[in-house]
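Let me begin by presenting the structure, written as structure tokens, before commenting on it.
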Amino acid sequence: MKADALPVAPQSPAAAAAPAAQRLSDLYRWAAGFVRPERAALGRVLLLSLLAVLAGLAQPLLTRTLIDDGILARDAGTVLATGGWMVALALAALAIGFTCRRIHVGASARILHGMREALFAHVLRLPPDYFARTRQGDLLARLEGDLGEVQRFAVDALLSAINSLLTLVGTVLLLALLSPKLALLLALLMAVNAAVLSWVRPRIEALSRQSRDAGVEVSSFLVEKVGAVRCIQTHVAESRELSRLGGLHATVRERLLAAQLWGYLGGAFPNLLLSLAVIGIFVVGSLSMLAGDPLTLGTLVAFATCVQRASAPLHALMGLYLQWQRVKVALGRVDELRAVPPPPEVAGDLLDGALPAGDLVVRDLACTHAGAPRAAFSGLNLTIPAGARVWLRGPSGSGKSTFIDLLQRLIEPSAGWVSLACIDLRGIDRAALRRHLVVVSQEAVLFTGTLADNIRYGRPDASEADVTAVARAAGVDDFAARLPDGLATRVGPRGASLSGGERQRVALARALLMKPAVLVIDEGTSSLDGALEARALAAVDALLPRTTRIVVSHRALDPAQFDQVIDFPPGAPA
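In structure tokens form, the structure reads like this:
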């Protein structure tokens, strides 16, 4: 795409949110995509669950045989044989349960991890302004807690529901076979239970959302404050922050208590009905036997055993009903994250490979951040020749960092265009662009690992010689020589063991290792003293003589060291 063919309108973000039902359907299809590869494993789990149900249903029949044909008939052989079968079924149920659990845990974990990886990949594509308005604790809660809640219900809970339903249906059929009169009594109690739960459900749903929101507030608070401990200490704000945490905890306790009490009511009522059912069975059954009903003692005990066996799946199903109210909250939060549109992709001439050397041309460029009352800048026109050394200067808030974000396509312009070697940046694949247009920011980001690992972050396959060369050029070797293991020294989370200037030198070395076509140092040497900064910039010029170098700095640098000085905002006097 040539410069005279510009501009190319960027693809607009996804339109307004789809109707709630459609979005929920899309979410189900998204989740089903991770379940589908595990169909074989889940099918084996279902088959094993069916075998376990059949083994469990056989126990009450064996109990009836043991009482009527063994104990009451005084037949020792029947007692021993029936007891042997009961032991065999118990051992078989244990083996089936162990095998089922082994298969199910593996499949469930793969589904959860696949969902989280896909959601994390989506998050990595989101623009910077999303993270500027989103609390980190809330984002972590969606990726960890909410997604885990959805996965546990979608796989663990639903498989448990199938198992419970099979057990319940089989038990009800067995109960009807043993005594239709007693089965009718049990059905009446279950109808009462369903009516009570329909009254409890909306209250649990509302309290679940309130409790989850309160928990997110605590997570967000801790993530923010733990990352700012030094600031809290220097402002003697420990007691104030502790008091705020206490207030958040009080809200969590209040909402948690309300949710637990209503949840207890929803779970305890079936227990009450079970107790009433067992009492009713023995009372009604005993009266029927006294009235001459052919009901036997073994049948009565088997019936009561079936009811008690039915209590576990009944409780599980009622628990799933209550859990679904909490899952709906988590589903909504996961769906909100999935619905955030990433920047649109625009097909162009150059999709991959090295960027050709060429001038960086900006024409009528403007950018307005989402929700901002005014444009960050507008009407920007400039040309930076290939290989030039440029100083980009201007006061804070003049739009310099926004311009750098536009160069890397972290955001898209609201008007105008930027081209490199006559190719519109919007027609270049983002990954290819960012491999060859590299930015060293003021906030140097390091990761847990060694100094060498952090330098290699942009080029994991770089040789030891290349790493050593860029470490020397960026001044990393000055302080690495004093460390116990040199470049193999581990730096801790976010490079916490290094000073700000040391972290910036590591970030500069990382950028140099990528050998970019355009290198932008956006206040990336602000923590270095003047002499060290000048030495680092000179080393960059020596190591990358053909690279276009753009230095963004508030400092009073020597204009003679640059081929071009650009003042921000556009039109500002030199």
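FYI, my numbering numbers position 318 of the sequence shown as 1270, with every residue one higher than the one before it.
Backbone N, C-alpha and C fix where the C-beta goes; we use that ideal spot for every residue, glycine too.
Looking at the backbone, the Cα of residue 1351 and that of residue 1345 are separated by about 10 Å.
Under the three-state reduction of DSSP, residue 1312 is assigned to strand.
Of the candidates 1495, 1500, 1487, 1496, the residue whose Cα lies closest to the Cα of residue 1509 is 1487.
Buried is the label assigned to residue 1454, since at least 16 other Cβ atoms lie within 10 Å of its Cβ.
With fewer than 16 other beta carbons inside 10 angstroms of its own, residue 1183 counts as exposed. Assignment of residue 1258 by DSSP, reduced to helix, strand and coil, places it in the helix class. Within the same chain, Cβ atoms closer than 8 Å to the Cβ of residue 1329 are found at 1317, 1318, 1319, 1350, 1351, 1354, 1355, 1520, 1521, 1522, the five residues on either side in sequence being excluded.
Ranked by Cα distance from residue 1493, the first of 1460, 1506, 1518, 1475 is 1460. The alpha-carbon of residue 1235 is positioned some 12 Å away from that of residue 1249. The Cβ atoms of residue 1484 and residue 1503 do not sit closer than 8 Å to each other. Only exposed fits residue 1196, as fewer than 16 other CB atoms lie within 10 angstroms of its CB. Annotated three-state conformation of residue 1171 is helix, per DSSP.
Pairing residue 1143 with residue 1109, the inter-Cα distance amounts to about 23 Å. Buried is the label assigned to residue 1098, since at least 16 other Cβ atoms lie within 10 Å of its Cβ. DSSP, read as helix, strand or coil, puts residue 1435 in coil.
Counting along the chain, the unbroken beta strand (DSSP E) around residue 1471 starts and ends at 1470-1474. In this structure, residue 1472 and residue 1359 form a Cβ contact; the two beta carbons are roughly 7 Å apart against a cut-off of 8 Å.
Counting only runs that start and end inside the stretch 986-1058, there is no beta strand (DSSP E) element of at least 3 residues. Within the stretch 1375-1435, the alpha helix (DSSP H) runs of at least 4 residues that lie entirely inside it are, in chain order, 1382-1388, 1403-1407, 1416-1425, 1428-1432. Around the beta-carbon of residue 1369, 16 or more other beta-carbon atoms lie within 10 Å, marking it buried. Relative to the Cα of residue 1394, the nearest Cα in the group 1162, 1457, 1089 belongs to 1457. The C-beta separation of residue 1254 from residue 1013 comes to about 7 Å, placing the pair in contact by the 8 Å criterion. Residue 1371 sits in a strand when the DSSP states are folded into three classes. Burial state of residue 1348 is exposed, judged by a 10 Å Cβ sphere holding fewer than 16 other Cβ atoms.
Each of 1003, 1173, 1516 was checked against the Cα of residue 1199, and the nearest Cα belongs to 1173. Between the alpha carbons of residue 1015 and residue 997 lies a gap of roughly 28 Å.
Taking all protein chains in view, the Cβ of residue 1500 is crowded by 16 or more other Cβ atoms within 10 Å, so the residue is classified as buried. Around residue 1403, the same chain offers 1428, 1432, 1439, 1441, 1443, 1458 as residues with beta carbons nearer than 7 Å, after the five sequence neighbours per side are excluded. Bridge partners of residue 1123 according to DSSP: none are assigned. Membership of residue 1457 in any beta strand (DSSP E) is not indicated; the residue belongs instead to the alpha helix (DSSP H) covering 1452-1465. The stretch 1067-1083 makes no contact with the stretch 1033-1048: fewer than 3 CB pairs, one atom from each, lie closer than 8 Å. Per DSSP, the unbroken beta strand (DSSP E) holding residue 1331 starts and ends at 1329-1336. With a cutoff of 8 Å on beta-carbon distance, residue 1068 and residue 1095 are scored as near each other. Straight across, the Cα-Cα distance linking residue 1155 with residue 1207 is about 12 Å.
Taking 8 Å as the cut-off, the beta carbon of residue 1102 is found closer than this to the beta carbon of residue 983. Under DSSP, residue 1345 shares a beta bridge with 1519.
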